[in-house]
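Chemist: I have a structure I would like to understand better, so I am pasting it below and will then ask my questions one at a time.
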Amino acid sequence: SVAKITPVAIASGSSLSGGITITAGSLKLTETGTLASSISMSGGTLDADNSLTVSGALTHTGNITIDVAETKTLTYTGTAISLGANTLTLTGGGSLVSGGLTLNDPSSMLLLNSITVDSVSTSADSSSGGLDVDDNSTVSSLSVAHITPVSIASGKTLSGAITVTAGSIKLDDTGTLASSISMRGGTLDADNSSTVSGALSHTADITIDVAETKTLTYTGTAISLGANTLTLSGGGTFVSGGLTLNNASSKLLLNSITVDSVSTSADSSSGGLDVDNDS
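305 is the number of the first residue of the sequence shown in our numbering; add one for each residue after it.
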């Protein structure tokens, strides 16, 4: 049982097995050996000061922190981690190879504070959770199929790659989304003035919603609509760098929005501009 700061040094090529309970304090892993023990956390910190593997199952019933030191990698190969109604803070400047973290509760919160994590997905709409980026971080693969707030602090960036199949990414702070965004449906929802610098691509009908009085600035690769409908809504302003209707079926649906630039590169048979509300 761990309730204080507790260094655990496992020699390279060796392992520690059994069961560990953490209620507070931290388990400080200072060597490169494998932690094969199951780990049950109701609080506290799993602190990796060296590159190593945790192969035992990690479970948690409260808010916890995983801290990986700069230039180090913590590889977790145990049972997949679902956040539940808790906050998981990832920090330290290093990398967590998690095998996939899941936000599976409306209150699941993943707080990123200078970290690289391999894979994150959603399995529930968020009401009070989502991703909170307090310092520059990377999610190599973020899969969104539900309403998912992504709060990036002013002056900070989130990098990596995002796939949206349904639901929405709700940008509710002023930081920069530098991740590439591949959309097969769903909504990019800007509730605050912010910048998206990663390339946005889409293979289906999508929506970009910008809240009234707010501006979403997109600086990625130019957006061509293809044989899809792009709906722009929300009452705000979208600085797109130029949208192109490049297919006979390209449709731009405007519903209370200001957009900077639109052009055509193909005759339209079933597309064009559709203005449903003052724009």
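Note that beta-carbon positions come from the ideal geometry of N, C-alpha and C, so glycine has one too.
#1: For Ala470, which residues from the same chain have a beta carbon less than 6 Å from its beta carbon, with the 5 sequence-adjacent residues on both sides left out?
#2: In the DSSP assignment, find the unbroken beta strand (DSSP E) run with Thr393 in it and report its ends.
#3: How close, in whole Å, do the beta carbons of Leu529 and Leu549 come, if the pair is a contact with beta carbons under 8 Å?
#4: Per the DSSP calculation, Asp371 is bridged to which residue(s)?
#5: Less than 8 Å between the CB atoms is what I'm expecting for Ile456 and Gly479, so what's the real figure, rounded?
#6: Sorted by chain position, which residues of the same chain lie with C-beta nearer than 8 Å to Asp509's C-beta, five sequence neighbours on each side aside?
#7: In whole angstroms, what separates the C-alpha of Ala373 from that of Ser537?
#8: First and last residue of the beta strand (DSSP E) that includes Lys376?
#9: Rounded to whole angstroms, what is the Cα-Cα separation between Ile485 and Val468?
#10: Identify the continuous beta strand (DSSP E) that holds His506 and give its terminal residues.
#11: Mapping the DSSP letters down to three states, classify Ser537 as helix, strand or coil.
#12: Throw me the rounded Cβ distance for the Ala361 and Ser342 pair, which I believe falls under 8 Å.
#13: Considering only the alpha carbon of each residue, which of Leu339, Thr568, Thr369 lies closest to Ser418?
#14: List the residues that DSSP assigns as beta-bridge partners of Asn581.
#15: Over the uninterrupted beta strand (DSSP E) stretch that includes Gly479, give me the two end residues.
#16: Of the choices Leu475, Thr541, Glu516, Ile324, whose alpha-carbon is the least far from that of Ala307?
#17: By the three-class DSSP mapping on this structure, what secondary structure does Gly323 have?
#18: Taking its Cβ as the centre, do 16 or more other Cβ atoms sit within 10 Å of Asp582, making it buried, or is it exposed?
#19: Output yes or no for whether 8 Å exceeds the beta carbon distance between Ser441 and Thr426.
#20: Residues in the same chain with beta-carbon distance under 7 Å from Thr521, minus the five sequence neighbours each way, listed in chain order, please.
#21: Taking C-beta to C-beta, are Asp477 and Ser501 nearer than 8 Å?
#22: Helix or strand or just coil, what does DSSP make of Thr336?
Modeler: In short, the structure shows the following:
#1: Result list for Ala470: Ala449, Gly489, Gly490, in chain order.
#2: Boundaries of the beta strand (DSSP E) around Thr393: 391-395.
#3: Contact flag correct, Cβ pair sits at about 5 Å.
#4: Its beta-bridge partners are Asp351, Thr395.
#5: Indeed, because the Cβ distance is near 3 Å, the residues count as touching under 8 Å.
#6: If we look at Asp509 and ignore the five residues flanking it on each side, its Cβ neighbours are Gly489, Asn532, Thr533, Leu534, Thr535.
#7: So the alpha carbons of these two residues sit roughly 43 Å apart.
#8: No beta strand (DSSP E) contains Lys376, which DSSP labels as neither H nor E.
#9: Between Ile485 and Val468, the alpha-carbon positions lie close to 7 Å from each other.
#10: Counting along the chain, the beta strand (DSSP E) containing His506 begins and ends at 504-506.
#11: In the three-state DSSP reduction, Ser537 falls in the strand class (E or B).
#12: Contact between Ala361 and Ser342 holds, since their C-beta atoms are separated by about 5 Å, short of 8 Å.
#13: It is Thr369.
#14: Looking at the DSSP assignment, Asn581 forms a beta bridge with Asn559.
#15: Taken as a continuous stretch (DSSP letters only), Gly479 belongs to no beta strand (DSSP E), as it is neither H nor E.
#16: Out of Leu475, Thr541, Glu516, Ile324, Ile324 has the C-alpha closest to the C-alpha of Ala307.
#17: Correct three-state label for Gly323: strand.
#18: Asp582 should be labelled exposed.
#19: Going by C-beta atoms, Ser441 is not nearer than 8 Å to Thr426.
#20: Once the five neighbours on either side are set aside, the close Cβ partners of Thr521 are Thr499, Val543.
#21: The beta carbons of Asp477 and Ser501 sit no closer together than 8 Å.
#22: Of the three classes helix, strand and coil, the one that applies to Thr336 here is coil, per DSSP.
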